[in-house]
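There are 4 protein chains.
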Amino acid sequence: MDSQVVTFLISCPDNKGLVAKITNFFYSKGFNILSCQQYVNAIENMYFMRIRLNAEGTKISKSDLETKFLELAKPLGFKWSVNYGDKKLNVAILVSHASHCLYDILERQREGDLDCTVKMVISNHEKLRPIAEMFNVPYYYLPVTKDTKEKQEEEIINLLNDNKVDLIVMARYMQILSSSFINKFPEKIINIHHSFLPAFQGANPYKRAYERGVKLIGATAHYATEDLDEGPIIEQAVERVTHDCTPQTLKRIGADVERLVLAKAIKCHIQNQIIVSKNRAVVFPESGE
Amino acid sequence: MDSQVVTFLISCPDNKGLVAKITNFFYSKGFNILSCQQYVNAIENMYFMRIRLNAEGTKISKSDLETKFLELAKPLGFKWSVNYGDKKLNVAILVSHASHCLYDILERQREGDLDCTVKMVISNHEKLRPIAEMFNVPYYYLPVTKDTKEKQEEEIINLLNDNKVDLIVMARYMQILSSSFINKFPEKIINIHHSFLPAFQGANPYKRAYERGVKLIGATAHYATEDLDEGPIIEQAVERVTHDCTPQTLKRIGADVERLVLAKAIKCHIQNQIIVSKNRAVVFPESGE
Amino acid sequence: MDSQVVTFLISCPDNKGLVAKITNFFYSKGFNILSCQQYVNAIENMYFMRIRLNAEGTKISKSDLETKFLELAKPLGFKWSVNYGDKKLNVAILVSHASHCLYDILERQREGDLDCTVKMVISNHEKLRPIAEMFNVPYYYLPVTKDTKEKQEEEIINLLNDNKVDLIVMARYMQILSSSFINKFPEKIINIHHSFLPAFQGANPYKRAYERGVKLIGATAHYATEDLDEGPIIEQAVERVTHDCTPQTLKRIGADVERLVLAKAIKCHIQNQIIVSKNRAVVFPESGE
Amino acid sequence: MDSQVVTFLISCPDNKGLVAKITNFFYSKGFNILSCQQYVNAIENMYFMRIRLNAEGTKISKSDLETKFLELAKPLGFKWSVNYGDKKLNVAILVSHASHCLYDILERQREGDLDCTVKMVISNHEKLRPIAEMFNVPYYYLPVTKDTKEKQEEEIINLLNDNKVDLIVMARYMQILSSSFINKFPEKIINIHHSFLPAFQGANPYKRAYERGVKLIGATAHYATEDLDEGPIIEQAVERVTHDCTPQTLKRIGADVERLVLAKAIKCHIQNQIIVSKNRAVVFPESGE
Numbered sequence: 001m002d003s004q005v006v007t008f009l010i011s012c013p014d015n016k017g018l019v020a021k022i023t024n025f026f027y028s029k030g031f032n033i034l035s036c037q038q039y040v041n042a043i044e045n046m047y048f049m050r051i052r053l054n055a056e057g058t059k060i061s062k063s064d065l066e067t068k069f070l071e072l073a074k075p076l077g078f079k080w081s082v083n084y085g086d087k088k089l090n091v092a093i094l095v096s097h098a099s100h101c102l103y104d105i106l107e108r109q110r111e112g113d114l115d116c117t118v119k120m121v122i123s124n125h126e127k128l129r130p131i132a133e134m135f136n137v138p139y140y141y142l143p144v145t146k147d148t149k150e151k152q153e154e155e156i157i158n159l160l161n162d163n164k165v166d167l168i169v170m171a172r173y174m175q176i177l178s179s180s181f182i183n184k185f186p187e188k189i190i191n192i193h194h195s196f197l198p199a200f201q202g203a204n205p206y207k208r209a210y211e212r213g214v215k216l217i218g219a220t221a222h223y224a225t226e227d228l229d230e231g232p233i234i235e236q237a238v239e240r241v242t243h244d245c246t247p248q249t250l251k252r253i254g255a256d257v258e259r260l261v262l263a264k265a266i267k268c269h270i271q272n273q274i275i276v277s278k279n280r281a282v283v284f285p286e287s288g289e
Numbered sequence: 001m002d003s004q005v006v007t008f009l010i011s012c013p014d015n016k017g018l019v020a021k022i023t024n025f026f027y028s029k030g031f032n033i034l035s036c037q038q039y040v041n042a043i044e045n046m047y048f049m050r051i052r053l054n055a056e057g058t059k060i061s062k063s064d065l066e067t068k069f070l071e072l073a074k075p076l077g078f079k080w081s082v083n084y085g086d087k088k089l090n091v092a093i094l095v096s097h098a099s100h101c102l103y104d105i106l107e108r109q110r111e112g113d114l115d116c117t118v119k120m121v122i123s124n125h126e127k128l129r130p131i132a133e134m135f136n137v138p139y140y141y142l143p144v145t146k147d148t149k150e151k152q153e154e155e156i157i158n159l160l161n162d163n164k165v166d167l168i169v170m171a172r173y174m175q176i177l178s179s180s181f182i183n184k185f186p187e188k189i190i191n192i193h194h195s196f197l198p199a200f201q202g203a204n205p206y207k208r209a210y211e212r213g214v215k216l217i218g219a220t221a222h223y224a225t226e227d228l229d230e231g232p233i234i235e236q237a238v239e240r241v242t243h244d245c246t247p248q249t250l251k252r253i254g255a256d257v258e259r260l261v262l263a264k265a266i267k268c269h270i271q272n273q274i275i276v277s278k279n280r281a282v283v284f285p286e287s288g289e
Numbered sequence: 001m002d003s004q005v006v007t008f009l010i011s012c013p014d015n016k017g018l019v020a021k022i023t024n025f026f027y028s029k030g031f032n033i034l035s036c037q038q039y040v041n042a043i044e045n046m047y048f049m050r051i052r053l054n055a056e057g058t059k060i061s062k063s064d065l066e067t068k069f070l071e072l073a074k075p076l077g078f079k080w081s082v083n084y085g086d087k088k089l090n091v092a093i094l095v096s097h098a099s100h101c102l103y104d105i106l107e108r109q110r111e112g113d114l115d116c117t118v119k120m121v122i123s124n125h126e127k128l129r130p131i132a133e134m135f136n137v138p139y140y141y142l143p144v145t146k147d148t149k150e151k152q153e154e155e156i157i158n159l160l161n162d163n164k165v166d167l168i169v170m171a172r173y174m175q176i177l178s179s180s181f182i183n184k185f186p187e188k189i190i191n192i193h194h195s196f197l198p199a200f201q202g203a204n205p206y207k208r209a210y211e212r213g214v215k216l217i218g219a220t221a222h223y224a225t226e227d228l229d230e231g232p233i234i235e236q237a238v239e240r241v242t243h244d245c246t247p248q249t250l251k252r253i254g255a256d257v258e259r260l261v262l263a264k265a266i267k268c269h270i271q272n273q274i275i276v277s278k279n280r281a282v283v284f285p286e287s288g289e
Numbered sequence: 001m002d003s004q005v006v007t008f009l010i011s012c013p014d015n016k017g018l019v020a021k022i023t024n025f026f027y028s029k030g031f032n033i034l035s036c037q038q039y040v041n042a043i044e045n046m047y048f049m050r051i052r053l054n055a056e057g058t059k060i061s062k063s064d065l066e067t068k069f070l071e072l073a074k075p076l077g078f079k080w081s082v083n084y085g086d087k088k089l090n091v092a093i094l095v096s097h098a099s100h101c102l103y104d105i106l107e108r109q110r111e112g113d114l115d116c117t118v119k120m121v122i123s124n125h126e127k128l129r130p131i132a133e134m135f136n137v138p139y140y141y142l143p144v145t146k147d148t149k150e151k152q153e154e155e156i157i158n159l160l161n162d163n164k165v166d167l168i169v170m171a172r173y174m175q176i177l178s179s180s181f182i183n184k185f186p187e188k189i190i191n192i193h194h195s196f197l198p199a200f201q202g203a204n205p206y207k208r209a210y211e212r213g214v215k216l217i218g219a220t221a222h223y224a225t226e227d228l229d230e231g232p233i234i235e236q237a238v239e240r241v242t243h244d245c246t247p248q249t250l251k252r253i254g255a256d257v258e259r260l261v262l263a264k265a266i267k268c269h270i271q272n273q274i275i276v277s278k279n280r281a282v283v284f285p286e287s288g289e
């Protein structure tokens, strides 16, 4: 294997000796362990590991590694995935009217802060095309009405498949994706909800936040699931506000929270920091990365 | 009038010249304006003012002041209140099992940080009596069952009335007060809810926060109203948490948020910083106080 | 005067009746007061006001207004300025290698979040030219060596004057401007320092933050003054970090703090929210804006 | 060994296979690994581990465990310590005038949040004796003048030794301890500095923060070392402030930051979460504890 960083994400029922067994396995195969992060959920009796390996100097091939690992994984009931760091994720961004998250992602990608390939921006409006063009990213305008929703989603799916998209980012895309769409991309769609979930689920959260007189507003990035606004939460943040904020001011302040929260969530996904278990996202912090 | 700080809280329909008229009034009566804070709600077309006056050197009596002020207030539709700063508020604290908020309030009161008189602690359990006794505050044990609820609330009301209590603090009191009780003390009951409202309204918020996998937990201090957990929000704060937190850990981290949020809300109330309008609390910051 | 928002910023020795006198003045001239924010510094015995007026319906001309206001201002020792909201500020951005603040400002300006005109980007390197070009902003490359510093600054000054620049933003410009340059633009140069001032003044703050093992890193936006990193602080923020952060990680996390802090400071300046007094910046919050 | 939680803290030069070797060792001795946290400092080429073990079911004695562990530790250059969780730390609190941190620690200890024994409060003033007495903790009044400093420190040292004190908490103790004193208790003295270090080192930080016009104030808990305010930082936090805060207001707001930061630092120390390396404190988060 080439010199590269290999990341395994593992979850399984908790058991005596798991750390020793797993780290031993990689040590014996000639890997140096760059970082090894664990989480034991004693309530569910579950064990989670994110282990980053330096493959420099190892002779083992990918397929051999996986075959051997399976021998360890199977009896212990591992659910696992591996990323070899030799291929950037292909990302598609879905937008409607709001530009702040789109700018943020395109800029971070361009500056190397988000290590991925943005294959396209898809929108149900023409409005944000100039931004995609500034960054030389293809822009697909796919309008949608109640009657054409099914067809539009089909077109999106074709675009995603044709471009081998690995991650779909809903960067303030104001359409509700169908269950059928969402179920095709499990843990592959990240949405930003413009409130501190589970507060203000659904529409118009800033207006409702104003009416409720909250003193903090927030944003939540989560994986999209069939149940709207109910998917595993990846990242959240809030900002302090006062009675003097109008719904418009809340929206503006909220936009800065949204862009940061969404960017952090995408980065966590790209860097293989997330394991989803039931409806909870285990998000390991970066470790010397 | 003696040398003292007089605070007026005013709300009314917005109108041209309100600042000039009001500040002129006090200026002409010989007051020096220590601070004058305003908030215009353009959506509701409402005007709010908190004005703090130095009465030093004024000859006008309280009743004269109020009579004259009424002449200004009536035609302009003021809703107003005045506090002369010559009398500390009497406070009663309601508790059940959790001690952290009780400690915090008693200690802040003792150290002069909360400028009020704690007349009593009332509880449906004996558990926290030793804490009240440490601080030499009377402790009333009034147990409650479904059948005795009405009678117990009556006893509480008698205690509050006999002690001329101005403010009731629900410092993690785990009973739901009846509408009849709450309506007797409008904007005089402050509750601390152990979550970031409107998220996780109702029971067991930390357990539900754990299950939802949130990345922030919060606390909300609000005035108690008939609609449980729906009253005007005075103060909120959050703390960052991770997937690695159990419901117990969340509870512990949350306790530190709760105590600070509740203490701040009480301080705002005592210092006449709050005007409630519809279901929103306008909370003016301290100004050189 | 046209229908527009007029903002006065006033500072003077504190005195009885100032609010009444000032608000009366504007009321009598036919202005509606949109917001009137005050701050009394009892330590220095100084009074500060930011008052926003709706000029709709007033007949008075700008010069008449100012002449009349001077009659009030002079005997009371006002230091004051007025902004008529009919002209956008011209902004120049100085950069070197780091792109994050530049992107942020250009994008916010383009989206209407920063209501100003970006006249140019000036840099001692060619590196960031493509970003300026994406946003159709002229880019001036003015390299500098120890020997050419004086001449380069002269060229910058000429550019600024020719373009009637009102505000200079040092968006991670890694050259130290001479005193002579800085003194030409008092309270017109905003700098972002990549640490929580006064911690880590000077060079390499992230490296030093790493070595010191801090648990928070921050950023500070301030007006540039002769004393490097000592000018009036406009805005600060911090982000939590851990022992696991390398100087590079700190730099990356810090970049997100820097961009937000700088954008907020620019916005405060543009919206006439700041009065500098001695070395302190009084920054009034937005009020229903 | 009894059923209990055993915690090892290990630091050593980084090396291939360390995780595997260490976890293997404990696995082979019959321990279940509750949590295993690591940190690799690639800059210094150092490895750090905090490993928590469940000793239930192991037959090995403490001395056997340590002898065997030494065989692993020596060739790999471990610096290590072990805590068997069967003995609470003895804590002494040093105070002067400010009460907020003292209250906080005593209350948290009493409520089980800080799992330690508070053996005594020592002060150079009589002022806070009533608080210690409320909590039934011995209070030693040891006044100090320039001439008696040496003698007073000697008396403190005798008290600490006689009471087998493991941890000394400077809870706003306003005397500078001598180098000779500090060197007797390496990594055993925690101090709270009332500012965001390294900003405002030394005296009167709130007054200087006011004069500097900062927009955030903070607090820093660190181990005391010979170089005043320069020891390894354990925990920091900040709170937002405005120009409207006087030095007194800053002090009051700061007090709430101080008490939380100090309590968190003490908890980290008590729970064996800290490894000091050079002047940096590696502070592992709690993990399912």
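Chains as they are written, first to last, in the UniProt record's numbering: chain A, 1 to 289; chain B, 1 to 289; chain C, 1 to 289; chain D, 1 to 289.
Glycine residues also receive a C-beta, built at the ideal position from the N, C-alpha and C atoms.
Because the structure is a prediction, the values reported are computed rather than measured.
| query | result |
| --- | --- |
| Looking at the structure shown, is Gly117 (chain C) part of a helix, part of a strand, or coil, going by DSSP? | The identity of residue 117 (chain C) in the sequence shown is Thr, whereas the question assumes Gly. Residue state, collapsed to three classes: strand. |
| Strictly under 9 angstroms for the Cβ-Cβ distance: is Cys12 (chain B) near chain C by that measure? | no |
| Which of the three DSSP states is assigned to Cys36 (chain C) in this structure? | strand |
| How far does the beta strand (DSSP E) with Asn45 (chain A) in it reach, from first residue to last? | Looking at the DSSP string, Asn45 (chain A) is not in any beta strand (DSSP E), and its letter there is neither H nor E. |
| Could you check which residue in C:Ile270, C:Gly112 and C:Tyr223 has the C-alpha nearest to that of residue 293 (chain C)? | Outside the displayed range of chain C (1 to 289) lies residue 293 (chain C), so it cannot be described from this structure. |
| Between A:Leu250, A:Ser99 and A:Val276, which lies nearest to Pro232 (chain A) when the distance is taken from Cα to Cα? | A:Val276 |
| Thinking C-beta only, is Ile168 (chain B) closer than 9 angstroms to Ala265 (chain B)? | no |
| Using the three-state DSSP reduction, which class does Asn83 (chain C) fall into: helix, strand or coil? | strand |
| What span of residues does the beta strand (DSSP E) with Val242 (chain C) cover, start to end? | Note that residue 242 (chain C) corresponds to Thr in the displayed sequence, not to Val. No beta strand (DSSP E) holds Thr242 (chain C); DSSP gives it neither H nor E. |
| In this structure, does DSSP put residue 335 (chain C) in helix, strand or coil? | This structure does not reach residue 335 (chain C), given that chain C is present from 1 up to 289, and the question cannot be answered. |
| Cβ atoms of Ile274 (chain A) and Ile234 (chain A): under 9 angstroms apart, would you say? | yes |
| Would you report the Cα separation of Lys215 (chain A) and Ser63 (chain B), rounded to the nearest angstrom? | 37 angstroms |
| Could you check where the beta strand (DSSP E) with Pro13 (chain A) kicks off and where it finishes? | Val5 to Pro13 |
| Which residue comes first and which comes last in the alpha helix (DSSP H) that contains Leu102 (chain C)? | His100 to Arg110 |
| Which residue spans inside the region 170-243 of chain D form an unbroken alpha helix (DSSP H) run of at least 4? | 179-184 and 205-212 |
| Using only the alpha-carbon positions, how far apart do Leu9 (chain A) and Arg52 (chain A) sit? | 9 angstroms |
| Who are the near neighbours of Phe250 (chain A) in its chain, counting only those whose CB is closer than 8 angstroms to its CB and skipping five residues on each side? | Inspection of the sequence shows that residue 250 (chain A) is occupied by Leu rather than by Phe. Within the same chain, Leu250 (chain A) has close Cβ partners Tyr206, Ala209, Tyr210, Ile217 and Val241. |
| Counting beta carbon pairs with one atom in the region 148-157 of chain C and one in the region 99-108 of chain C, are three or more of them shorter than 8 angstroms? | no |
| Along chain A, which residues have their Cβ under 8 angstroms away from the Cβ of Thr246 (chain B)? | Ala42 and Ile43 |
| Apart from the five residues on each side of it in sequence, which residues of its chain come closer than 7 angstroms, Cβ to Cβ, to Lys88 (chain C)? | Asp115, Cys116 and Thr117 |
| To which residues does DSSP link Arg280 (chain C) through a beta bridge? | C:Ser277 |
| Quick one: list the residues of chain D neighbouring residue 290 (chain C), beta-carbon separation under 9 angstroms, in chain order. | In the structure as shown, chain C begins at 1 and stops at 289. Residue 290 (chain C) is therefore absent and cannot be evaluated. |
| Can you round the beta-carbon distance between His243 (chain A) and Arg280 (chain B) to whole angstroms, since I take them to be within the 8 angstroms contact cut? | 6 angstroms |
| CB Thr225 (chain C) to CB Gln236 (chain C), shorter than 9 angstroms? | no |
| Closer than 9 angstroms by beta-carbon distance: list the chain D residues that pair up with Arg52 (chain B), in chain order. | Under the 9 angstroms cutoff, chain D gives no residues; its nearest Cβ is about 13 angstroms from Arg52 (chain B). |
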